[in-house]
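Colleague: Take this structure first; my questions come after.
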Amino acid sequence: MSDAIFDLTGQVAIVTGTSRGLGQYFARALAKAGADLVITSRKRETLAPFEAEIKALGRRVVSLELDVRDERSIRKMATDAEAAFGQIHILVNNAGCNIRKPALEVTWSDWNQILETNLRGTFFVAQAVAKGMIAKGYGRIINIGSVTSVFGYAGLAPYGASRGGVRQLTMSLADDWGEFGVTVNCLAPGWFKTEQTKVLYENQEWVDYLVDRIPAKRPGQPHDLDGAVVFLASEASRYVTGPSRYVTGQTLLVDGGISTGSTRATVAPQKTS
Numbered sequence: 001m002s003d004a005i006f007d008l009t010g011q012v013a014i015v016t017g018t019s020r021g022l023g024q025y026f027a028r029a030l031a032k033a034g035a036d037l038v039i040t041s042r043k044r045e046t047l048a049p050f051e052a053e054i055k056a057l058g059r060r061v062v063s064l065e066l067d068v069r070d071e072r073s074i075r076k077m078a079t080d081a082e083a084a085f086g087q088i089h090i091l092v093n094n095a096g097c098n099i100r101k102p103a104l105e106v107t108w109s110d111w112n113q114i115l116e117t118n119l120r121g122t123f124f125v126a127q128a129v130a131k132g133m134i135a136k137g138y139g140r141i142i143n144i145g146s147v148t149s150v151f152g153y154a155g156l157a158p159y160g161a162s163r164g165g166v167r168q169l170t171m172s173l174a175d176d177w178g179e180f181g182v183t184v185n186c187l188a189p190g191w192f193k194t195e196q197t198k199v200l201y202e203n204q205e206w207v208d209y210l211v212d213r214i215p216a217k218r219p220g221q222p223h224d225l226d227g228a229v230v231f232l233a234s235e236a237s238r239y240v241t242g243p244s245r246y247v248t249g250q251t252l253l254v255d256g257g258i259s260t261g262s263t264r265a266t267v268a269p270q271k272t273s
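Per full-length UniProt numbering, the very first residue in the sequence shown carries number 1; after that it's consecutive.
See below:
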């Protein structure tokens, strides 16, 4: 298989939520595959160090302000991104948030913040960017989900609802836009140590509990997602040759196998005669 099908040279990718965390890893992976970048944050000034890093890789990069809870901010970002590069080929819908609480303690405000960011924001960013993709007859949209897109966990009710919604949204948009050459897939990481989750990893008992349930016997490392995001963004995810026949509407779990089952059966020892 030729490496050319993973080459993103000449393409432009928007990666939302790139002030820290997995968003930066997604953006680096795409830049190293050849893509120029639009990176976003609610506070544009926080992107300056990462913008310099991408430029050092020899890629063009534009930093834009984006608040995914604000419709006007979304539309302005999409307009400014197209104005900067002419065409957007790839969108990684990464911006998100979480508030961990027992279900009885979740407030109305908590629910709104999580769902408006992770689900409503994902939809309206995709909608704004897809308009240009549809006009050009080409696009790759990668919505970022989670193992909670398919599994439920205590303390994560609103978050799980939002990520489950992202999975369903992905399938609907794939059906809507497939005829226009736009694919929509969901990349769903398992348990990764990020700025958002690092407090969990300070509890060694919890880490041991988690690792026992991951067949790979370790949590994810951010670079474990590099190949998956490039695959979904590139011609490597073309199903067969020909127009509009691609991998689309799928959820790709990169979770070390934890989704095979969250508990492990105890195997009784064999009796010997």
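For each residue, glycine too, the CB sits at the ideal point set by N, CA and C.
Who are the Cβ neighbours of residue 226 in its own chain at under 6 Å, not counting the five residues just before and after it?
Modeller: Numbered from its first residue, the sequence shown carries residue 226 at position 226. Result list for residue 226: 29, in chain order.
Colleague: Spell out the partners DSSP gives residue 238 in its beta bridges.
Modeller: The residue labelled residue 238 in the question sits at position 238 within the sequence shown. Answer is 246, bridged to residue 238.
Colleague: Any chance you could list the beta strand (DSSP E) runs of at least 3 consecutive residues sitting entirely within the region 53-82, in chain order?
Modeller: Counting whole runs of 3 or more residues, the region 53-82 contains the beta strand (DSSP E) stretches 61-65.
Colleague: Any heavy atom of the ligand MG closer than 7 Å to the beta-carbon of residue 39?
Modeller: The model on display carries no ligand, and the ligand MG is accordingly not part of it.
Colleague: Residue 141 and residue 79 - do their beta-carbons sit closer together than 8 Å?
Modeller: On the sequence shown, position 79 is the one that residue 79 refers to. On the sequence shown, position 141 is the one that residue 141 refers to. Cβ atoms of residue 79 and residue 141: not closer than 8 Å.
Colleague: Between which two residues does the beta strand (DSSP E) harbouring residue 139 extend?
Modeller: For the purposes of this step, residue 139 is taken as residue 139 along the sequence shown, with counting starting at 1. Unbroken beta strand (DSSP E) run through residue 139: 139-144.
Colleague: Among residues of its own chain, excluding the 5 on either side of residue 152, which ones have a beta-carbon nearer than 8 Å to its beta-carbon?
Modeller: The residue labelled residue 152 in the question sits at position 152 within the sequence shown. Within the same chain, residue 152 has close Cβ partners 160.
Colleague: According to DSSP, which residues form a beta bridge with residue 186?
Modeller: In the sequence shown, counting from the first residue as 1, residue 186 sits at position 186. The partner list for residue 186 (beta bridge, DSSP) reads 143 and 251.
Colleague: According to the neighbour-count rule (16 or more other Cβ atoms, all chains shown, within 10 Å of its Cβ), is residue 93 buried or exposed?
Modeller: Within the sequence shown, numbered from 1, the residue matching residue 93 stands at position 93. It is buried - the Cβ of residue 93 has at least 16 other Cβ atoms within 10 Å.
Colleague: By Cβ distance, which residues of its chain are closer than 7 Å to residue 55, with the 5 residues on each side in sequence left out?
Modeller: As a working note, residue 55 is residue 55 in the sequence shown. These residues qualify, in order along the chain: 61.
Colleague: Short of 8 Å in beta carbon distance, which residues of its chain neighbour residue 259, apart from the five on each side in sequence? Order them along the chain.
Modeller: As a position in the sequence shown, residue 259 is number 259, starting the count at 1. Cβ within range, chain order: 147, 150, 151, 190 and 253.
Colleague: If the criterion is Cβ atoms closer than 8 Å, does the pair residue 4 and residue 90 meet it?
Modeller: Reading the sequence shown from its first residue, position 4 is the one you call residue 4. Reading the sequence shown from its first residue, position 90 is the one you call residue 90. Against a cut-off of 8 Å, the Cβ pair of residue 90 and residue 4 comes out as no contact.
Colleague: How many angstroms separate the CA atom of residue 116 from the CA atom of residue 68?
Modeller: By 1-based counting over the sequence shown, the position of residue 116 is 116. By 1-based counting over the sequence shown, the position of residue 68 is 68. Cα to Cα, the separation comes out at about 8 Å.
Colleague: When you compare the CB positions of residue 155 and residue 186, do they come within less than 8 Å of one another, or not?
Modeller: If you number the sequence shown from 1, residue 155 lands on position 155. If you number the sequence shown from 1, residue 186 lands on position 186. No.
Colleague: What did DSSP end up calling residue 211 once you bin it into helix, strand or coil?
Modeller: Taking the first residue of the sequence shown as position 1, residue 211 is located at position 211. Helix, per DSSP.
Colleague: Can you give me the start and stop residues for the alpha helix (DSSP H) that residue 170 sits inside?
Modeller: Counting from 1 along the sequence shown, the entry for residue 170 is found at position 170. That run of the alpha helix (DSSP H) goes 157-177.
Colleague: Which term fits residue 257, buried or exposed, when burial requires 16 or more other beta carbons within 10 angstroms of its beta carbon?
Modeller: Reading the sequence shown from its first residue, position 257 is the one you call residue 257. Burial call: exposed.
Colleague: Quick check: residue 40 and residue 77, are their CB atoms within less than 8 Å of each other?
Modeller: Within the sequence shown, numbered from 1, the residue matching residue 40 stands at position 40. Within the sequence shown, numbered from 1, the residue matching residue 77 stands at position 77. Yes, Cβ-Cβ distance for residue 40 and residue 77 is below 8 Å.
Colleague: In angstroms with no decimal places, state the Cα-to-Cα distance between residue 17 and residue 23.
Modeller: Here residue 17 is taken as the residue at index 17 of the sequence shown, counted from 1. Here residue 23 is taken as the residue at index 23 of the sequence shown, counted from 1. Going from the Cα of residue 17 to the Cα of residue 23 covers about 6 Å.
Colleague: Taking residue 250 as the reference, give the member of 216, 168 and 180 with the closest Cα.
Modeller: By one-based count along the sequence shown, residue 250 stands at place 250. With distances taken between Cα atoms, residue 250 lies closest to 168.
Colleague: Name the DSSP bridge partner or partners of residue 37?
Modeller: Looking up residue 37 in the sequence shown gives position 37. Answer is 13 and 61.
Colleague: Please determine, among 127, 119, 139 and 194, the residue with the shortest C-alpha to C-alpha distance to residue 163.
Modeller: Taking the first residue of the sequence shown as 1, we reach residue 163 at position 163. Residue 119 is the option with its Cα nearest to residue 163.
Colleague: Taking residue 74 and residue 66 to be in contact with their CB atoms under 8 Å, please state how far apart those CB atoms are, rounded to whole angstroms.
Modeller: Walking along the sequence shown from the start, residue 74 turns up at place 74. Walking along the sequence shown from the start, residue 66 turns up at place 66. The pair is a contact, with the Cβ atoms about 7 Å apart (cut-off 8 Å).
Colleague: Please name the residue or residues paired with residue 192 in a DSSP beta bridge.
Modeller: Taking the first residue of the sequence shown as 1, we reach residue 192 at position 192. According to DSSP, residue 192 bridges with 220.
Colleague: Specify, as a first and last residue, the run of the alpha helix (DSSP H) that residue 93 falls within.
Modeller: By one-based count along the sequence shown, residue 93 stands at place 93. Element bounds for residue 93: not the alpha helix (DSSP H) but the beta strand (DSSP E), 90-93.
Colleague: What do you reckon, are the CB atoms on residue 139 and residue 130 nearer than 8 Å?
Modeller: Counting from one through the sequence shown, the residue named residue 139 turns up at place 139. Counting from one through the sequence shown, the residue named residue 130 turns up at place 130. Yes, the pair counts as a contact, with Cβ atoms nearer than the cut-off.
Colleague: Drop a sphere of 10 angstroms on the beta-carbon of residue 242, count the other beta-carbons inside from all chains shown, and report buried for 16 or more, exposed for fewer.
Modeller: Along the sequence shown, one-based indexing puts residue 242 at 242. Caution applies to residue 242, whose pLDDT of 49 falls short of 50 and renders its modelled position unreliable; the value that the coordinates give is listed next. By the 10 Å Cβ count, residue 242 comes out exposed.
Colleague: Could you work out which residue in 217, 170 and 15 is closest to residue 42 when comparing CA atoms only?
Modeller: Here residue 42 corresponds to residue number 42 of the sequence shown, with the count starting at 1. It is 15 whose Cα lies nearest to the Cα of residue 42.
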